[in-house]
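In the numbering used here, the protein residues as written are 27 to 109. Some notes on the structure that comes next.
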């Protein structure tokens, strides 16, 4: 509603303009339910259409069973840069 869209039918043509072809029922499920997966092209189109950041749509959660070690993927301390 904040973006002037009040029905899922408003979203579908905007997705098509950005190269994302979804059926009306797929668009409805995308809006009304939590998607199990979301393609990058669809995500980027939504960010553009809604003029928002990824953090406005997605809340990062740790992987189940994962524990934070404070290490980055490359082994450095998280939050620091290698010279």
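Even glycine gets a Cβ: it sits at the ideal position worked out from N, Cα and C.
Would the beta-carbon of residue i fall within 9 Å of that of residue j?
i, j, result
"residue 13", "residue 68", "The displayed coordinates of the chain run from 27 to 109. Any statement about residue 13 would go beyond what the structure contains."
"residue 37", "residue 75", "yes"
"residue 81", "residue 57", "no"
If you count every other CB in all the chains shown that lies within 10 Å of the CB of residue i, and 16 or more means buried, which is it?
i, result
"residue 87", "exposed"
"residue 71", "buried"
"residue 27", "Because the pLDDT of residue 27 is 49, which lies under 50, any placement of that residue in the model is unreliable, and the number read from its coordinates should be weighed accordingly. Label assigned to residue 27: exposed."
Sort the options by Cα distance to residue i and report the nearest one.
i, options, result
"residue 40", "64, 59 and 73", "73"
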